[in-house]
Amino acid sequence: MKRSYKELRTELDNLLEAIQDPEVDIDKALELHEQAQKIVKELDQYLDQSELKIKHINTK
Amino acid sequence: MIGSAPEFSVAEFVAVFNQTLDVAFPLVIINGELANFKISKNAWVYTDLKDDDASVRCFGSVRVLPGPLEDGMTVQIVARPYLHPQFGFSLQLQAVKPVGAGTIKKAKDLLAEKLKKEGLFDVSRKREVPYPPSQIALITSVESAGYSDFIKIVGQRWPALNILIYDVLVQGQDAPNMLIEALESANQSDVEAIVIVRGGGSADDLVAFDNELVVRAVALSRLPTVIGVGHERDISLAELAADVRASTPSNAAELLVPDRAHERTVLNVVSKNVHRQLEDKINFCKEQVTSDIRDIKEGIEGILDAHRSQLMHDIRLLQALNPKIMLRKGFVLARSNDGVLLKSASSATKARSFRVEFTDGVVSVEVQ
């Protein structure tokens, strides 16, 4: 299931915080960096969407 | 005259009379002032509707009331005239709404006080709206300026949004019921938030958003609600009950979703930050390795220096102990003819003949 923008943003912030941890070694930092780049790519897709998706529910 | 008049029993007359009313006046709209207004068992409303010259009895369910009312208020009712077999003539209320700015405001104030006491407007009830949401329900009239404004702003700021649109009347007699039904339907969908908007209008135009049942439906909504009705100065009771109150439909769009351009800038900064953090870590590791190499080098050189010093000391010691140096100082070495070192006079005497080594050569010696 596609994750929401907010979920992805939160995860990106968490990855940034994790990379800054001095206890994290270089191997782990590389792994976190790779994960972060994937998330940035997904977030870009959200921002690149150009049209609202509208559906009318019959009420009147 | 009397001879041509129709003749009925009482019951027959009541039935015929009501049938006549059903044909002639199935529904009537009457403006008047409330008098002897009373609620019974929280279910039924009894009131007189009067003007300067006449008064008529009204009866109905409390569900038709827009909110608390009281004697002296001017209202417009929609009612069905009816002659009850036992209780006489009355107007069966189908809808009641306050009319006139003064009455509308009075009714709103009464309802606001009642709902405030119940805690419907408490800040503690407010919930967060997902920011940004992926899918929302939008309850509005698609013919209204409020709808156009909202869609335009949301489309500019955040097109990555799915919108289920519930097209309803946002003013008039049927508006409250349509708003309530749309809210109930939206609450059964899988949207993350419900947005209700309409543009500006007179107090009478906006009265549906001060309807008690509408306000309660908003307060009881399972999903968080964002409501923007009218202009900045208009504050409806539905907005007070909502989780987020927007001053206008455009403001509702601004509160609901971020600005995509700003978000892209923030994302770039965060992405660069992640990259920089990794670079910093790599550089730190490089510095650590360089420092460790330096330490190792210094350690090795230290050990080598220590060995060099020891070696120099040993060399000097050896040199100092070199027998050739002793010969230069005037000492001699006596050896037997077969090379054995003679260390005493007695061993030299015993050998009888031996060789004596001087710094510049060897001399043979005979003991006499």
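Here the protein sequences come in this chain order: A and B.
According to the numbering used here, the first sequence is numbered sequentially starting from 47.
According to the numbering used here, the second sequence is numbered sequentially starting from 1229.
Where is the CB? At the ideal position from N, CA and C, for every residue including glycine.
Since we're looking at a predicted model, the values are computed, not measured.
So residue i and residue j are supposed to be a Cβ contact under 8 Å. How far apart are they, rounded?
i: A1431/B; j: A1329/B; result: 6 Å
i: D1377/B; j: P1486/B; result: Not really, about 18 Å apart at Cβ, beyond 8 Å.
i: I65/A; j: L78/A; result: 5 Å
i: V1457/B; j: L1484/B; result: Actually they are not in contact, since the Cβ atoms of V1457/B and L1484/B sit about 15 Å apart, beyond 8 Å.
i: T1302/B; j: T1331/B; result: 5 Å
i: D1418/B; j: Q1363/B; result: 7 Å
i: Q1322/B; j: N1259/B; result: Going by Cβ atoms, the distance from Q1322/B to N1259/B rounds to 15 Å, so no, they are not a contact pair.
i: D1429/B; j: Q1399/B; result: Note that residue 1429/B corresponds to Gly in the displayed sequence, not to Asp. Confirmed, Cβ separation roughly 7 Å.
i: A1414/B; j: I1422/B; result: 5 Å
Please confirm whether residue i and residue j have their CB atoms less than 9 Å apart.
i: I85/A; j: A1410/B; result: no
i: V1502/B; j: Q83/A; result: yes
i: V1357/B; j: E1420/B; result: yes
i: V1498/B; j: L76/A; result: no
i: V1324/B; j: L1348/B; result: no
i: L1277/B; j: L1249/B; result: no
i: A1562/B; j: E1585/B; result: yes
i: L98/A; j: Y51/A; result: no
i: P1326/B; j: V1435/B; result: yes
i: K1552/B; j: T1587/B; result: yes
i: P1234/B; j: V1244/B; result: yes
i: T24/A; j: V1396/B; result: Absent from the structure is residue 24/A, since the part of chain A shown begins at 47 and ends at 106.
i: D1299/B; j: F1265/B; result: yes
Name the residue from the options whose alpha carbon lies nearest to the alpha carbon of residue i.
i: A1335/B; options: L1465/B, G1456/B, G1400/B, G1383/B; result: L1465/B
i: C1315/B; options: V1324/B, C1286/B, V1435/B, V1292/B; result: The question names Cys, yet the displayed sequence has Phe at residue 1315/B. Per the Cα distances, C1286/B.
i: I100/A; options: M1301/B, Y1375/B, S1318/B, A1469/B; result: Y1375/B
i: I1565/B; options: S1572/B, F1582/B, R1556/B; result: Checking the sequence shown, residue 1565/B turns out to be Asn, not Ile. Nearest option by C-alpha distance: F1582/B.
i: Q1416/B; options: N1405/B, L1545/B, L1451/B; result: L1451/B
i: L1262/B; options: Q1505/B, R1544/B, V1284/B; result: V1284/B
i: A1610/B; options: D1281/B, D1588/B, E1594/B, V1590/B; result: This structure leaves residue 1610/B out entirely; chain B is present only between 1229 and 1596.
i: D94/A; options: E1491/B, R1544/B, L1532/B, L1555/B; result: E1491/B
i: R1426/B; options: I1463/B, S1413/B, A1414/B; result: I1463/B
i: K1333/B; options: D1433/B, K1571/B, V1273/B, L1539/B; result: D1433/B
i: N1270/B; options: Y1359/B, V1351/B, G1288/B; result: G1288/B
i: A1388/B; options: Q1399/B, Q1516/B, D1520/B, A1489/B; result: A1489/B
i: D71/A; options: Q1516/B, R1355/B, Q1401/B; result: Q1516/B
i: A1373/B; options: H1459/B, L1570/B, K1557/B; result: H1459/B
i: Q1505/B; options: D67/A, Q81/A, S96/A; result: D67/A
i: V1590/B; options: N1496/B, S1475/B, F1559/B; result: F1559/B
i: F1317/B; options: I1424/B, E1526/B, N1246/B; result: N1246/B
i: E69/A; options: C1513/B, A1474/B, I1230/B; result: C1513/B
Any chance the CB of residue i is under 8 Å from a heavy atom of the ligand NAD?
i: S1575/B; result: This structure does not include the ligand NAD; it has no bound ligands of any sort.
Strictly below 8 Å CB to CB, what residues from chain E border residue i?
i: E97/A; result: The question asks about chain E, but that chain is absent: this structure's protein chains are A and B.
Quiz item: Does the stretch 1388-1396 of chain B touch the stretch 1446-1460 of chain B, meaning 3 or more C-beta pairs lie closer than 8 Å?
Solution: Not touching, per the Cβ criterion.
Exercise. Could you tell me whether the stretch 1308-1318 of chain B touches the stretch 1336-1350 of chain B, using the rule of 3 or more Cβ pairs below 8 Å?
Key: Segments in contact, no.
Exercise. Taking only runs that begin and end inside the stretch 1338-1420 of chain B, name each unbroken alpha helix (DSSP H) of 4 or more residues, in chain order.
Key: 1373-1385, 1403-1415, all fully within the stretch 1338-1420 of chain B.
Quiz item: Is there contact here, the stretch 1379-1389 of chain B with the stretch 1509-1521 of chain B, by at least three beta-carbon pairs under 8 Å?
Solution: The stretch 1379-1389 of chain B vs the stretch 1509-1521 of chain B: no contact.
Quiz item: Can you give, in chain order, each stretch of the alpha helix (DSSP H) that sits fully within the stretch 1516-1574 of chain B and has at least 4 residues?
Solution: List check, alpha helix (DSSP H) in window: 1551-1556.
Quiz item: Is there contact between the stretch 1436-1444 of chain B and the stretch 1290-1298 of chain B, where contact requires at least three CB pairs shorter than 8 Å?
Solution: With a cut-off of 8 Å, the stretch 1290-1298 of chain B and the stretch 1436-1444 of chain B count as touching, because enough Cβ pairs lie within range.
Self-check item: Contact between the stretch 1360-1373 of chain B and the stretch 1467-1476 of chain B (3+ Cβ pairs under 8 Å)
Solution: Touching, no, given that fewer than three Cβ pairs across the two stretches are closer than 8 Å.
Quiz prompt | Contiguous alpha helix (DSSP H) assignments of at least 4 residues, all confined to the stretch 1430-1471 of chain B | solution = List check, alpha helix (DSSP H) in window: 1440-1447, 1465-1469.
Quiz item: Which full runs of the alpha helix (DSSP H) of 4+ residues lie inside the stretch 1229-1282 of chain B, going along the chain?
Solution: Within the stretch 1229-1282 of chain B, the complete alpha helix (DSSP H) runs of at least 4 residues are 1238-1252.
Quiz item: Can you list, in chain order, the stretches of the beta strand (DSSP E) that have 3 or more residues and sit fully within the stretch 1289-1334 of chain B?
Solution: Taking only runs of at least 3 residues, the beta strand (DSSP E) segments lying wholly in the stretch 1289-1334 of chain B are 1302-1312, 1316-1326.
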